[in-house]
Every structure is written in structure tokens, then in C-alpha cells.
Amino acid sequence: MTEINSVTTLTRDGDVDVITLNSPPVNALSAKVREGLFEGFKAAGASDSKAIVLICEGRTFIAGADISEFGAPGGAPTASLFDVQNMMENSPKPVIAAIHGTALGGGLEVALCAHYRVAVPSAKVGLPEVALGLLPGAGGTQRLPRIVGVEAALDMVTSGRHVPAKQALAMGLVDELAEEGKLKEGAIAFANRAVAENKPLVKVRDNNAKLEAAKGKPEIFADFRKANARKFRGFEAPEANIKCIEAAVNSASFEEGLAEERRLFGGLMMGQQSAAQRYYFFAERQANKIPDVPDDTPIRPIKKVGIIGAGTMGGGIAMNFANVGIQVVIVEQQQEPLDRGLATIRKNYERSRTAKPEETEKRVGLITGSLSMEEAFKDVDLVIEAVFERMDVKKDIFTRLDAICKPGAILATNTSGLNIDEIASVTKRPQDVIGLHFFSPANVMKLLEIVRADHTAKDVIATSMKLAKQIGKIAVLVGVTPGFVGNRILAQRQREANKLVLEGAMPWDVDRVLYDFGFPMGPFAMSDLAGLDIGWVKEKSKGETIRDVLCEMDRRGQKTGAGYYDYDENRNAKPSPVTEKIIHDFIAKSGRNPRKISDEEILERCIYPMINEGVKILEEGKAIRPSDIDVVWVNGYGWPVYRGGPMHYGDQIGADKVLAKMKEFQGSMGDDFKPAASLEKLVADGKKLADLKGA
Ligand code: 3HC
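Residue numbers (our numbering): 1058 to 1752.
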């Protein structure tokens, strides 16, 4: 064995040289790995072997460029990666890439320069750069369509999806599947066969047939853009990816297409969107790390989960567990709502395109119902309460759970903002009480706010974080504060949106500005969708707010055909003259004159108080770090990931500018805009929001 460098070895198996990379955690193409590849292929090229296999140790084949190098001086794919690729492609002896885990981004781009690819069935391949606001910058956009064709390439580069090996084999991306666990043997056998059979040294770059087929058919691209316009709205990277595939088809040579790829890659890399999306990649992973709850904290086994409440929330939560094979029992007070809840779960499964009929039966079979907590919860490992938001009801439930559940069971509440310490106080085991705040629909939404109360035990936190991962959620640990992190910040935006309307902006003006910013919809369209009468009580309504008046008129949102907006039979919204008149009446009654409000003011008034609230949350130790707040907002509230999240966006704008605007607004509109003390301090110290420390 020859040690090429600290992450690369060269070994010999008969006539085959084997270059092995071992750079945990994911064999990313760091400078060391690139050097190892370069020197490894040089040495293998000079040896008397007849073929070369490239394989990786650890959990995966090369998972891409080293993202942490991007933006750093001398970072990003350097010439040496292209040199490695050239050496592989031009090797006079066959080069075989042996793939397990994931060959992603630069990893797949390296593999595409091998003459052949062998993979185990569990492997996946993909070009996920688009998720980082980038495009494959090492020839991927030029080589991929030469193998899989233009349509499939467009799909892969703009979705970033990871293609399973079997499918990759059918697409021609992989040449052979090796037996699971026997990749090295399989790849070496393939290499020996390639030599014995004198297989051609396939250079993907020279394969032009699939591109020829797409020449003179600009409609392929036009149709693709049209079909995906909604999905790509606001993002720069998908369009740049499409342009690269277009260049592959229309360029006079491979090199010309490659040059275009490099040009567009550079543009994205320098832009704010990719910076935000790369930041977000690490933010999401960082959120898993709890400073005082180390990775080796013991976990409580969760084999059976109890849920209280068979409504939309309880049912959605139950599905998450059944999806991963965990048994669930749902308790309701009466048979009818229980039956309805269980029937809805079945319907949801049947409607979903992913679950096959037998899978549906398996999952539905894991969820049972009961009318008795005493019966159902004796042996559960975790119980989640998902009833309506009333402290007295929750306290009553937790008193009963304390009496029923076995020692060590985790007692969780799905409250979206009530004080969990108060709930825990009625039990004799506050260490076992935690908040698991799912977002609606709970079987779809990715975010889970895990709420740590004063006495929550560390192993309860560790178990909840792990469980969240198991059920496919992105968990963020937050502290007890009204509305927790997400809703507390949302309240700022909601307050300003309502105030703006009373000053002269129309709901559709506010919605348009926030939609253009990148949210899927604005707050008024959102209210119409959810139903204006959520939390509204007819008997108590005195026409004091615009919402009261709309509800009193039976304009309760989309479901009644009218709310803030008017809706046609296809639920298309249009600005409503009725709403406009109600608003003008309100303004007249207040004795003020409506004023013209600029889009800029709408945006700043909705967004800056959110950033300021994020700072206060950190000040109070209710979030661990600024990036956790961003993860909450991107996953739970539709904050556009290409703007990183409220805290990252605040830094993009400049904390000093946010502070100056808050002060200006405070001067003219009062203390809703009072800057957080730490915002003042960090600006005085010349620091960034990212420098703030939380819990
Ligand atoms: N660069 C640097 N670090 C990376 C990385 C990368 N490409 N991919 C993963 N990591 C790190 C993670 O930050 C994490 O670090 P931590 O343990 O300190 O938090 C660790 O590796 C493990 O990652 P995950 O927690 O995500 O592990 P999983 O097993 O859940 O997932 C994965 C593995 C599927 C490989 C996932 O990490 C992933 O999707 N990585 C990104 C892949 C990617 O986007 N590749 C393209 C990069 S851009 C590129 O190649 C440009 C080229 O075209 C020139």
C-alpha cells in the first residue's frame, strides 16, 4: 500500500490499482482530497497496472465539493479538480468509479469522468448544487445530458434529487450494480473484465447523440420553464442551471459549453442567494447541536406513542410515527370524533401518491383509537397532547397523565405558545415534560419546535431531537416564551400588517410586497386560506376590528368565497371593493387620513421588527443561536431560503441599517419599534447579528 497523502491510499489488486479516499465525514472534495486524487491518479497512471478503481471509505462516495471552502480565499473548485478530471478521462487504462452512499455534486462530476461507474443498490447519485443556489461547476451540466438526455438532465439539475442506483442504472448513469457490501470486489471484477474484453474507454464528453436529438427544439426549454415557473419563482439558480443545459445543446463544442458553465457558476457563487443558501445548509445541521446535551446523551426508547386529540393536528402527528413503523394510540373523549379522525388518517394515506395500498394498510394498522387514557396510555413511551389551547384543560390532562403513564414516559404538549413550565408544574415529574410544537399540516410541515422547559431532562431533549430526525422533521430547540420562537416573531409581522392597513395600505398591497419578497403568500391571503373565524367568537364580536366586521358579514375567507379578498369559483383571489370600503370607514372613524405607503415602508415595517424580536429572543436565551431562528422561519413560515432567514437577512441588509430604521420608526410611530438593547450594542461594537449568542 502506498500512502498518497493523509486522506488517500493506493493499493494493488492483481492488475488493478485501487485509489481509496478516506476523508470523513463525507469525503468532500477539500484541497487535501483534490491533492490526493491528483497524486493518486498520477501514480496509478505511471504504474504497470491495467486498470484503476476509485473508491471511498466511510459512509459515502464523494458527496461533493467542500462547501465550507466556498467563499473562503482560494476556495471553490480549483484548477486541480479539473486536472484530476482530465487525467481520469484521458487515462489510457480504464478508470472505474465505485460508488456507495451518495455521489453528489462534484462527487458525481468526478465519477462522470471515469470510463465506467459501478454502484451498490443502496447508493444514490445526484447534482444537488441548486439547493445551495449553485449549479454543477465541474462539468456536470455538460456531461449529464450527454448520458441521460436533456429532459432528464433538466429535471435532475433543477430538482437536485438523489437518484437511486437502480434508476441510475436504467438511465445509463451507472453501468453495473455490485452486490451490497461487496463494492470493491465488484468494481475490481468489472475492471478486469473491461481489460479482458478490451472495453472502449468511454469519454462522456464525446457522447453527443442525446444532445443532437434536442438540437433545434427550443420548446423543450420553454416548456420546462413554463411548467416549473411557480416552483422556481424568486430563485436564481434554477434558471442558470437550465441555461447550462441549453449551452450543452447549442454550443459548438464541449469546451464552449464548459466555459459557459464556469461563467454562470461564478456569477451564482458571487451572489447573495447562494451565500444565503450555503449558510442555511450549515444552519440546519447546526440546529441539531445542543451545547449542554452532548451527542452521547442516553436516549429513551420510543416504541409506542400516545396522542390526545384526533383532530387535524393529532391525526397529522400520528401519521409521522406510523410512517416510520412506530405504534400509535389516539385517545378522544367520544366515539364520533375518534372515528372521524381515524377515517381522515386513512383518507390522507389513500390520497398520498407515495404510499402503496399495502403500505397504507400497514401504516393505518399501526394507529389505533381509544376512549380511555387510563387504558391506552399505561404502556406508552411518549404521549403528545394535541387538544385546544386552554391552560385549564391542558393542566387537567397533565395531572391525569402523571397518574397514568409509566415512569420515564415522556409527557409532551403540542401547545403553540402556552407556558409549558406551568403545564409541567401540575405533574410530579417536570423533568419528563417537553413541548413538541408541530406545524399544520403536521404530516407535511418539516419544522418541529422542541420546547425546553425549566426542568426538562437532557435525555428527554436528546430523545426528542433524535425522534424528530427519525420522523423526517427539522427540529429546533427553543425556550418557553409566549408563541415560542416562530409565532412570537410572526406576531410582529402581523401587528404591522394590520397597522399598515389602518393607515392606508390595502391588504393586497401588503400581501404583494411580502409575496415579491419571496413568501408563498402574504398575511391576509394566509388568513383567508386558514379561515378568518379561527379564534373568533360571534357572541363576543363587537365590530372592533376589520376581521370582526368581515366575519360578521360572513366573509370568513376562502371557504365562504370571500374574506379580505373576493374569490371566484376556482378560488382565484381578487381585491375586494367591500373590504376596501370597510377599511376606509375604519380609517375615517379614527379621524385620520389614509396615506400612500411605499412598498419599501411596507417591507421594512413588516420585516425589521421581526429581526429585532429575534435579537430579543436571543437576549432572553430562548433560542440557542441566530441561525436556529432562521431554520424556524425557513421551515415553518415560508421565509425564502435564498434570503437565509430573518437573522441572515438582517446581516445582508446590515444591522446598522436595521437599527437606524427601527429608531426612525420609533420616533414617528412609537415603541413597537423600540430596538433591542443587544441590537444597539452589537452595532456600537461593529458586530453582526450572526455574532449574537443565545441560550
Ligand atoms: N462539504 C462540507 N461539509 C459537508 C458536505 C460538503 N459537501 N456535505 C456534508 N458535510 C458535512 C455536514 O455539514 C455535516 O457536518 P457536521 O457533522 O459537522 O454537522 C456532516 O458532513 C454530515 O452531513 P449530514 O449531517 O448532512 O449527514 P447525512 O448523512 O444526513 O447526509 C449527505 C449526507 C447526503 C451527503 C448530505 O450531507 C448532503 O446532502 N451534503 C451536501 C451535498 C452537496 O450539496 N453536494 C454538492 C456540493 S457543491 C458542489 O459539489 C459544487 C461542484 O459542482 C463544483
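Glycine included, C-beta positions come from ideal geometry on N, C-alpha and C. In this text, all values refer to a predicted model and were calculated from it rather than measured experimentally.
Look up Lys-1451 in the DSSP assignment and give the residues it is bridged to. According to DSSP, which records beta bridges pairwise, Lys-1451 is partnered with nothing at all.
Residues sharing a beta bridge with Cys-1113, DSSP: Leu-1078
For the segment 1567-1587 against the segment 1615-1625, do three or more pairs of beta-carbon atoms, one drawn from each stretch, fall closer than 8 angstroms, so that the two count as touching? Touching, yes.
Among Ser-1331, Asn-1500, Lys-1239, whose alpha-carbon lies nearest the alpha-carbon of Thr-1401? Asn-1500
So, using beta-carbon positions, are Ile-1156 and Ala-1171 closer together than 7 angstroms? no
Closest Cα partner of Val-1542 within the set Tyr-1572, Glu-1432, Gly-1678: When only C-alpha atoms are compared, the closest one is Gly-1678.
Please state the DSSP three-state secondary structure of Asp-1349. coil
Segment contact flag, the segment 1253-1270 with the segment 1203-1223, C-beta cutoff 8 angstroms, min 3 pairs: Yes, the segment 1253-1270 is in contact with the segment 1203-1223.
When the distance is taken between beta carbons, is Leu-1111 closer than 7 angstroms to Ile-1061? no
Taking the straight line between their C-alpha atoms, what separation do you get for Arg-1612 and Glu-1626? 15 angstroms
How about Ala-1562 and Ile-1659: are their beta carbons less than 7 angstroms apart? yes
Taking only runs that begin and end inside the segment 1430-1485, name each unbroken alpha helix (DSSP H) of 4 or more residues, in chain order. 1430-1433, 1448-1461, 1477-1481
Beta-carbon within less than 7 angstroms of Leu-1557's beta-carbon, same chain only, minus the 5 sequence neighbours each way: which residues are those? Val-1567, Ile-1654, Ile-1659, Arg-1662
Which ranges would you report for the beta strand (DSSP E) in the segment 1174-1228 if only whole runs of at least 3 residues count? 1181-1183
Under 6 angstroms: does the beta carbon of Ala-1085 sit that close to some heavy atom of ligand 1? yes
Check whether the segment 1430-1442 touches the segment 1348-1355, taking contact to mean three or more Cβ pairs, one atom from each stretch, closer than 8 angstroms. The segment 1430-1442, when compared against the segment 1348-1355, does not touch it at the 8 angstroms Cβ threshold.
Give me the DSSP bridge partner(s) of Thr-1159. Bridge pairing for Thr-1159: Lys-1181 [DSSP].
Taking DSSP as the reference, what is the three-state secondary structure of Arg-1628? Correct three-state label for Arg-1628: coil.
According to the neighbour-count rule (16 or more other Cβ atoms, all chains shown, within 10 Å of its Cβ), is His-1705 buried or exposed? buried
Between Asp-1123 and ligand 1, is there a pair consisting of the residue's CB and a ligand heavy atom that are separated by less than 6 angstroms? yes
Range of the contiguous beta strand (DSSP E) that encloses His-1494: Start and end: 1490-1495.
Start and end of the beta strand (DSSP E) containing Leu-1534? 1531-1536
Could you check where the alpha helix (DSSP H) with Lys-1523 kicks off and where it finishes? From DSSP, the alpha helix (DSSP H) with Lys-1523 extends over 1515-1527.
Is Gly-1196 close to chain C? Criterion is C-beta to C-beta, closer than 7 angstroms. Absent from the structure: chain C. Only one protein chain is present.
Range covered by the alpha helix (DSSP H) that runs through Asp-1605: If you look at Asp-1605, you'll find it in the alpha helix (DSSP H) that goes 1603-1609.
Closer than 6 angstroms: Gly-1194 CB and nearest ligand 1 heavy atom: Yes, since a heavy atom of ligand 1 falls inside the 6 angstroms radius drawn around the Cβ of Gly-1194.
Within a Cβ cutoff of 7 angstroms, which residues of the same chain sit near Pro-1178, ignoring the five residues on either side of it in sequence? Same-chain partners within the cutoff: Ala-1222, Lys-1223, Leu-1234, Glu-1237.
Which residues does DSSP pair with Asp-1140 in a beta bridge? In DSSP, Asp-1140 forms no bridge with anything.
For Ile-1532, is the classification buried or exposed, using 16 other Cβ atoms within 10 angstroms of its Cβ as the cut-off for buried? Per the sequence presented here, residue 1532 reads as Ala, with Ile not at that position. Its Cβ being crowded by 16 or more others within 10 Å, Ala-1532 is buried.
Using the rule of at least 16 other Cβ atoms within 10 Å of the residue's Cβ for burial, across every protein chain shown, is Thr-1425 buried or exposed? Per the 10 Å Cβ criterion, exposed.
Backbone secondary structure at Leu-1505 - three-state DSSP: strand
Do the segment 1290-1307 and the segment 1317-1333 meet, that is, are 3 or more Cβ pairs less than 8 angstroms apart? yes
Ala-1499 - DSSP class collapsed to helix/strand/coil: coil
Using C-beta distances below 7 angstroms, list every residue in its chain close to Lys-1256, excluding the 5 sequence neighbours before and after it, in chain order. The residues Pro-1151, in chain order, have a CB closer than 7 angstroms to that of Lys-1256 in the same chain once the five nearest residues on each side in sequence are set aside.
Express the C-alpha separation of Phe-1445 and Gly-1422 in angstroms, rounding to a whole number. 27 angstroms
Chain-order list of residues whose beta-carbon lies under 6 angstroms from that of Trp-1593 (same chain, five-residue window excluded): Excluding positions up to five away in sequence, the list reads Cys-1608.
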